[in-house]
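Trainee: Take this structure, written in structure tokens, and hold onto it; I'll ask about it next.
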Amino acid sequence: MFDLFFKKLEDRISLTDAEKELIKSHLIPKKLRRRQYLLQEGEVCKYAAFVTKGALRAYTVDEKDNEHIVQFALEGWMISDLYSFITGEPATYTIDALEDSELILMSQASRQELMQQIPSFLQFSYFQIQNAYIALQRRITDLISLSTEEKYTKLIKTYPHIVERVPQHMIASYLGLTPETLSRTRKQMAKNK
């Protein structure tokens, strides 16, 4: 279960066997059934989750009961309510499993301890936060500047596995569209091919 986690980690940093064992001692394996929550809005996000199997989503629900998906996570990806995880404030997102999933969890206290004990883990954590910020900035720019067709095309090219595994109404939510708008866009794109 830890193989994929350590492969991703070692793609970025070098670790000794002792460092791997120390990191492993801080990891918590967790299984979620489809539709089971990892985090609910209002709770404090105590863990960052690395997906080893399955698919999850992070979303918020507005006052009209509409879901707004902000992130998907498939195998090899991390997911959390980063603001809540870092600050200890209540989460604004709910995270649940779209498929039966297997995760590796790490608490903020464990993350802090590992960053102090393993200098390269500090480097890895910095890299993770930096990439999360870059992805967020790109996502915001895309949402406000791309056309509906451009948003969908970019999603297909960048994350083809999401489109294969996630229902279209959730993809529409992620893109800031109604399911009907996404359906019309897909039909128009198919017609134009």
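Here our numbering is used: the first residue of the sequence shown is 3, the next is one more, and so on. By construction, the Cβ of each residue, glycine as well, lies at the ideal position given by its N, Cα and C atoms. The structure presented is a predicted model; accordingly, all values stated were derived computationally and were not measured.
#1: Assuming G56 contacts S103 (C-beta within less than 8 Å), just tell me the rounded distance between them.
#2: Where do the N-terminal and C-terminal ends of the beta strand (DSSP E) with I15 fall, by residue?
#3: For Q42, which residues of its own chain have a beta-carbon under 6 Å away from its beta-carbon, when the five flanking residues on both sides are left out?
#4: Restricting to Cα atoms, I'd like to know which of W79, P31, F4 and A20 is closest to H163.
#5: Find the nearest neighbour of Y154 within the set L105, K189 and A20, judged by alpha-carbon distance.
#6: Going along the chain, which residues of its own chain have a beta-carbon closer than 7 Å to the beta-carbon of A134, five neighbours each way excluded?
#7: Quick check on DSSP: helix, strand or coil for P181?
#8: Please confirm if the stretch 9-24 is in contact with the stretch 109-125, defined as three or more CB-CB distances below 8 Å between the two stretches.
#9: Mind pulling the beta strand (DSSP E) runs of 3 or more residues that sit fully within the stretch 32-77?
#10: Can you give the beta carbon distance from F74 to V165, rounded, assuming they're within the 8 Å contact cut?
#11: Among L138, S82 and D144, which residue has its Cα nearest to the Cα of G45?
#12: For the pair the stretch 19-39 and the stretch 98-113, tell me if three or more CB-CB distances fall below 8 Å.
#13: My parser needs the alpha helix (DSSP H) runs of 4 or more residues fully inside the stretch 114-148; what are they?
#14: Could you compute how far the alpha carbon of F4 sits from the alpha carbon of I106?
#15: Buried or exposed for Y49, please, with buried defined as at least 16 other CB atoms from any protein chain shown within 10 angstroms of its CB.
Mentor: Put simply:
#1: As a working mapping, residue 56 is identified with position 54 in the sequence shown. As a working mapping, residue 103 is identified with position 101 in the sequence shown. Contact flag correct, Cβ pair sits at about 3 Å.
#2: Indexing the sequence shown from 1 puts residue 15 at position 13. In this chain, I15 is not harboured by any beta strand (DSSP E), its DSSP state being neither H nor E.
#3: Locating residue 42 in the sequence shown gives position 40, counting from the first residue. Residues T96 of the same chain have their beta carbon placed closer than 6 Å to that of Q42, with the five preceding and five following residues left out of the count.
#4: On the sequence shown, residue 163 is found 161 positions in, with the first residue counted as 1. Looking from the CA of H163, the closest CA among W79, P31, F4 and A20 belongs to W79.
#5: In the sequence shown, the residue the question calls residue 154 occupies position 152. With respect to the C-alpha of Y154, the residue from L105, K189 and A20 having the closest C-alpha is K189.
#6: Sequence index remark: in the sequence shown, residue 134 carries index 132 (1-based). L84, listed in sequence order.
#7: Position 179 of the sequence shown, counted from the first residue, corresponds to residue 181. Three-state DSSP puts P181 in a helix.
#8: Result yes; three or more Cβ-Cβ pairs closer than 8 Å.
#9: The beta strand (DSSP E) runs lying completely inside the stretch 32-77 and spanning 3 residues or more are 39-41, 49-55, 58-63 and 69-75, given in chain order.
#10: Walking along the sequence shown from the start, residue 74 turns up at place 72. Walking along the sequence shown from the start, residue 165 turns up at place 163. Contact flag wrong, Cβ pair sits at about 10 Å.
#11: Here the question's residue 45 lines up with position 43 in the sequence shown. In the sequence as displayed, the identity of residue 45 is Glu instead of Gly. Of the residues L138, S82 and D144, the one whose Cα lies closest to the Cα of E45 is S82.
#12: Output reads yes: the stretch 98-113 touches the stretch 19-39.
#13: Listed in chain order, the complete alpha helix (DSSP H) runs (minimum 4 residues) inside the stretch 114-148 are 121-147.
#14: The residue labelled residue 4 in the question sits at position 2 within the sequence shown. The residue labelled residue 106 in the question sits at position 104 within the sequence shown. Approximately 8 Å between the Cα atoms of the pair.
#15: Against the sequence shown, residue 49 aligns to sequence position 47. By the 10 Å Cβ count, Y49 comes out buried.
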